[in-house]
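Take a look at the structure below.
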Amino acid sequence: MAAKKNPTLVVSIRLDELALKAVDLLVEAGLESNRSRAASLFVQLGIQASEELLTKASELVNNVQQLRGELLSAVKMNNLEKVSDLLSRDASLVNMRSDKGETPLLVAIYLRANEMKALLLERGAQLDIYEASALGDSRRVQTLLQKSPELANAYNTDGFLALNLASHFGHEETVQLLLDSGVNVNGRTKDGNLDNMALHASVLGNYVHIAKLLLEYGADINGRCKGQLRADFTPLHVAAFFGRDAMIELFLQYGVDRTAVNADGDTAYALAQRKGFTSAAALLGS
């Protein structure tokens, strides 16, 4: 005789304008995944009056936003004890996103805060393709690309691309994986400040082997930054600006245009001279 199935409990609640606003507050804040779950939460809390629903929703949202702000600030200050305490109070905070789309892990990666990264990963931080690329987690990148190949050329909320992040942080295996997946090697970020390409990013990170790999896959050696900072800088300009002699030598071997000028009319040689990088200037002036 087949066992009887337990009836599924369906929570039904009629929402007026105020109650609907309360429900939407929870969903928009990421406290619940949909209106049904948010309404169910209020039922569980025994709240029925619309005004009370809205008050409670605002209280919950304000509380979680405060905790999220505290967590991001603690990550930026590399305060391991504070971050650990906040995550002990609410473990779900580890995968929170700010209004700008920042996650605690991505902030820690940007700051190269290794102990903080380890703590967040230990506490269950989930990697999207951008975080995985910045960390050099090639297995995770491959898994995500197999499920959603379009991620290879997709932008995150900061306007960055997976290839640029992997290149900036010097993860050769991940860069190779992305290149082999058909990523646009000359894709330009949309962050507004740099709007650069992966080759520029490799120079910023000072990874000559990454720059060489990108060039082998057709990276534009004379490509330009288009953001507010370092406008019209080519990779050679970036190398000269930071005194990256090995980069300069690599670019010269690949036939870079050393006469190119940036938005201020400077050649790479002029930048190296102005910054006091005598060996870089000597390479560019020879």
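As numbered in the numbering used here, the sequence shown has no gaps in its residue numbers, which increase by one up to the final residue, 286.
Positions of the beta carbon are idealized from the N, C-alpha and C atoms, including for glycine.
| Item | Value |
| --- | --- |
| Same chain, Cβ closer than 6 Å to Arg68, neighbours up to 5 away in sequence not counted | Met96 |
| In chain order, each alpha helix (DSSP H) run of at least 4 residues that lies wholly inside the stretch 195-235 | 198-205 and 208-216 |
| Bounding residues of the alpha helix (DSSP H) (the contiguous stretch that carries Tyr254) | Segment: none, Tyr254 is in no alpha helix (DSSP H) and carries neither H nor E. |
| Between the CA atoms of Ala118 and Thr157 - distance to the nearest angstrom | 23 Å |
| Where the alpha helix (DSSP H) containing Met77 begins and where it ends | Segment: none, Met77 is in no alpha helix (DSSP H) and carries neither H nor E. |
| Lys212 versus Ile248, Gly187 and Gly182, residue with shortest Cα-Cα distance | Ile248 |
| Alpha-carbon to alpha-carbon, Gly265 and Leu250 | 23 Å |
| Supposed contact pair Ala162 and Ile210 - C-beta distance, whole angstroms, cut 8 Å | Actually they do not touch by this definition, with Cβ atoms about 14 Å apart. |
| Whether Phe233 touches Asn262 by CB criterion (8 Å) | yes |
| Where Ala49 sits in the DSSP three-state scheme | With a pLDDT of only 45 at Ala49, under the threshold of 50, the placement of this residue in the model should not be trusted; the figure read from the coordinates follows. Three-state result, Ala49: coil. |
| Close-in-space but distant-in-sequence residues of the same chain around Glu102 (CB under 7 Å, 5 per side omitted) | Leu72 |
| Selection from Lys82, Met197, Arg139 and Gln142 that minimises the alpha carbon distance to Leu120 | Lys82 |
| Integer-rounded CB distance, given that Asn153 should sit under 8 Å from Asn184 | 5 Å |
| Cβ shell of Ala49 (< 6 Å), same chain only, five flanking positions each side left out | Note that Ala49 scores 45 on pLDDT, short of 50, meaning its location in the model is unreliable; the coordinates nonetheless yield the value given after this. Once the five neighbours on either side are set aside, Ala49 has no close Cβ partner at all. |
| In DSSP terms, what Leu161 is bridged to | Tyr155 |
| Cα-Cα separation, Gln273 to Ala281 | 6 Å |
| Spatially closest choice to Val238 from Thr174, Val107, Leu177 and Lys275, by CA coordinates | Lys275 |
| Delimiting residues of the alpha helix (DSSP H) encompassing Pro104 | Pro104 to Tyr110 |
| Simplified DSSP state of His290, which is helix, strand or coil | Examination of residue 290 is not possible in this model, given that the chain is present from 1 through 286 alone. |
| Beta carbon of Leu177 nearer than 8 Å to that of Gln142 | yes |
| Cβ neighbours of Leu165 in the same chain (closer than 7 Å, five flanking residues each side left out) | Tyr130, Ser133 and Ala134 |
| Per-residue DSSP class, three states only, for Phe277 | coil |
| Inter-residue CB distance, Gly227 and Asp180 (contact presumed, cutoff 8 Å) | No, Gly227 and Asp180 are not in contact; Cβ-Cβ is about 28 Å, not under 8 Å. |
| Ser138 versus Gly285: straight-line alpha-carbon distance, rounded | 40 Å |
| Alpha-carbon to alpha-carbon, Ala74 and Leu87 | 11 Å |
| Cβ-Cβ separation, Leu151 to Arg140 (assumed contact under 8 Å), whole Å | Actually they are not in contact, since the Cβ atoms of Arg140 and Leu151 sit about 11 Å apart, beyond 8 Å. |
| Spatial distance of Val175 from His200 (CA atoms) | 14 Å |
| First and last residue of the uninterrupted alpha helix (DSSP H) at Thr267 | Taken as a continuous stretch (DSSP letters only), Thr267 belongs to no alpha helix (DSSP H), as it is neither H nor E. |
| Where the alpha helix (DSSP H) through Asn184 begins and ends | No alpha helix (DSSP H) holds Asn184; DSSP gives it neither H nor E. |
| Simplified DSSP state of Asp85, which is helix, strand or coil | helix |
| Proximal residues to Tyr269 (C-beta, below 8 Å), its chain only, five neighbours per side dropped | Ala240, Arg258, Ala281, Leu284 and Gly285 |
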